[in-house]
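Notes for the one structure printed next.
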Amino acid sequence: MAVLTENRPAGLSAKEAAARLAGDGPNAVAKPRPRRLLSRIGAQLTDPLVALLLAAAVVTTLRTLLGTEPLSASQVAVCAAVAVVPALVLWIWRNVRWGR
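For the sequence shown, my numbering assigns the number 45 to the initial residue and increments by one for each residue that follows.
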């Protein structure tokens, strides 16, 4: 722990302030590194609700491929894309915009 070298009611002298600035750097909190987009997408995919939706999509697709669902595989893919793609695009746009 550093020892105070000056304790004046008026504050530090200009010379002492310049010396501390040169020795210790500015009195500022370091900014955290921004997370990469792929890292943010990966974090979104670990959300329990997203995992549940992905599991439901997989089960529905498998049931369709096995012939136990009346929808075709292409219909299921279109439904999934219509549900997931706009939400993902909106989420990416919001995070990129707010990350600036």
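Glycine residues also receive a C-beta, built at the ideal position from the N, C-alpha and C atoms.
Taking 8 Å as the cut-off, the beta carbon of tryptophan 137 is found no closer than this to the beta carbon of glutamine 88. Counted as a single uninterrupted DSSP element, the alpha helix (DSSP H) harbouring asparagine 139 occupies residues 117-142. Less than 8 Å separates the beta-carbon of alanine 101 from that of alanine 124. If you ignore the 5 residues before and after valine 120, its C-beta comes within less than 7 Å of the C-beta of Thr104, Thr105 and Thr108, all in its own chain and listed in chain order.
In the structure shown, aspartate 68 falls within a helical segment according to DSSP collapsed to helix, strand and coil. Between the alpha carbons of valine 140 and arginine 80 lies a distance of about 10 Å.
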